[in-house]
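Be aware that the sequence shown starts at 1, since it is given in full-length UniProt numbering, and climbs by one per residue. Cβ coordinates follow ideal geometry from the N, Cα and C atoms, glycine included.
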Amino acid sequence: MSETTSITPTRPYMVRALYQWIEDNALTPYLMVDATADNVQIPTEHVQDGRIVLNIASRATGNMSMENDYIHFSARFGGVSQEIWVPLTAVLGIYAKENSQGMFFDPNEYDDYVPEEDAVASSSSKTNVAAPKPKRDNKAGLKVLK
């Protein structure tokens, strides 16, 4: 593998997989988050030692979205609904409340990672020429058979 190739971090995939496993086993998924990281939108009154642990069970959250770069959902804190945004770079771990089984992540996983959009943007800004998208033929894919 070349030095310029940036492998996608495993963290978003592992978080989604463990979340599903915890939910499938009727346990409560907890997400430990670095509250000091950039772009974290959480209730700061619940932060302890620069971290916050969030209950992300489907019964405790609304409109959960787990993407490769962030986790977004709404949840109630003290009876008040709040929008929560957690970049995957800020996720320290995910585990089950009942038995503490889960995974904690290498804090240096994202150190040398450059997202594909950023890599494309930086390379195209150097040349000032954007590569045109190839056009797809607009042909129907179905045929009438007799």
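- In the structure shown, LEU54 falls within a strand segment according to DSSP collapsed to helix, strand and coil.
- Between GLY62 and ARG76, the alpha-carbon positions lie close to 9 Å from each other.
- In this chain, the beta strand (DSSP E) harbouring ALA96 covers 91-96.
- Taking a 10 Å sphere around the C-beta of LEU54, we find 16 or more other C-beta atoms and assign the residue as buried.
- In chain order, ILE52 and PHE77 place their CB closer than 8 Å to the CB of HIS46, counting only its own chain and leaving out the 5 sequence neighbours on each side.
- PRO29 carries a strand assignment under DSSP once its states are collapsed to helix, strand and coil.
- Taking C-beta separations shorter than 6 Å and ignoring five residues to either side along the sequence, the partners of ILE71 in its chain run VAL86, following chain order.
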